[in-house]
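Trainee: Questions regarding the structure given below will be posed in turn.
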Amino acid sequence: MNKKSTEILVGLFVCIGIAALFFMALQVSNFQALQNKASYTITANFENISGLKDEALVSMAGVPIGRVSNIQFNADDYNAIVSMRIDQQYANLPTDTSASIYTAGLLGEKYIGLTAGGMDEFLTEGSIIELTQSSLILEELISQFLFSSSDK
């Protein structure tokens, strides 16, 4: 009887461990299907998104407030159109909010950072953020540094 209860406890421990690994994998992969929150969609046009992906984080002051929902190419002006789902609890973003693409951590994961403006009107479903700053491209910065220092 003692051996059987030990086997049951070990089996239970293994099941809990597998469930914990599954939960961690969902959190790391940004899987949002289990988290259906009320949200609204806004868009922004960027000249270069340089590695930004669907489901990338949208944050403001370091606080996650949404996710990138769609990325398209605009053939008319050769820009990227980025759609973002913002959680409904953050429905008081001013219309002159600006959006920038940043790199997080050593692995280079891209995310969008929003900076609030000062207008009294707020972004709503389908609003377009006019003030954007594209992603910095490390290779371009290095080449500018190399060529500017070689001219001296």
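With the first letter of the sequence shown counted as 1, position 86 gets the number 72 in my numbering; the numbers rise by one all the way through.
For every residue, glycine included, the Cβ atom is placed at its ideal position computed from N, Cα and C.
Quick caveat: nothing in here was measured; it's all calculated off a predicted structure.
In this structure, what does DSSP give as the bridge partners for residue 56?
Mentor: Reading the sequence shown from its first residue, position 70 is the one you call residue 56. Partner(s): 69.
Trainee: Suppose contacts are defined by Cβ-Cβ distances below 7 Å. Is residue 32 in contact with residue 66 by that definition?
Mentor: On the sequence shown, position 46 is the one that residue 32 refers to. On the sequence shown, position 80 is the one that residue 66 refers to. A contact, by the Cβ cut-off of 7 Å.
Trainee: Quick one: what's residue 119 bridged to in DSSP?
Mentor: Locating residue 119 in the sequence shown gives position 133, where the first residue counts as 1. 86, per the DSSP bridge assignment.
Trainee: Evaluate contact between the region 93 to 102 and the region 1 to 10, counting only Cβ atoms and requiring at least three cross-stretch pairs below 8 Å.
Mentor: No: fewer than three Cβ pairs fall under 8 Å.
Trainee: Distance, Cα to Cα, residue 107 vs residue 81?
Mentor: Within the sequence shown, numbered from 1, the residue matching residue 107 stands at position 121. Within the sequence shown, numbered from 1, the residue matching residue 81 stands at position 95. Computed Cα separation, rounded: 6 Å.
Trainee: At which residues does the beta strand (DSSP E) containing residue 31 begin and terminate?
Mentor: By 1-based counting over the sequence shown, the position of residue 31 is 45. 25 to 32 is the span of the beta strand (DSSP E), which, as asked, contains residue 31.
Trainee: Can you tell which of 63, 74, 25 and 103 has its C-alpha closest to the C-alpha of residue 140?
Mentor: The chain is shown only over -13 to 138; residue 140 falls outside these bounds and no answer can be derived.
Trainee: Measuring CA to CA, which of 46, 55 and 120 is closest to residue 39?
Mentor: Here residue 39 refers to the residue found at position 53 of the sequence shown. Minimum Cα distance to residue 39 is reached at 55.
Trainee: Can you tell me where the beta strand (DSSP E) holding residue 45 begins and where it ends?
Mentor: Position 59 of the sequence shown, counted from the start, is the residue given in the question as residue 45. 43 to 46 is the extent of the beta strand (DSSP E) around residue 45.
Trainee: Quick one: give me the first and last residue of the beta strand (DSSP E) that residue 95 is part of.
Mentor: The residue you call residue 95 lines up with position 109 of the sequence shown. Segment 95 to 101, the beta strand (DSSP E) holding residue 95.
Trainee: So what does DSSP say about residue 51, is it helix, strand or coil?
Mentor: To locate residue 51, count along the sequence shown from 1; it is residue 65. In the structure shown, residue 51 sits in a strand (DSSP, three-state: E or B).
Trainee: Using three-state DSSP, classify residue 128 as helix, strand or coil.
Mentor: The count along the sequence shown starts at 1 and reaches residue 128 at position 142. Helix.
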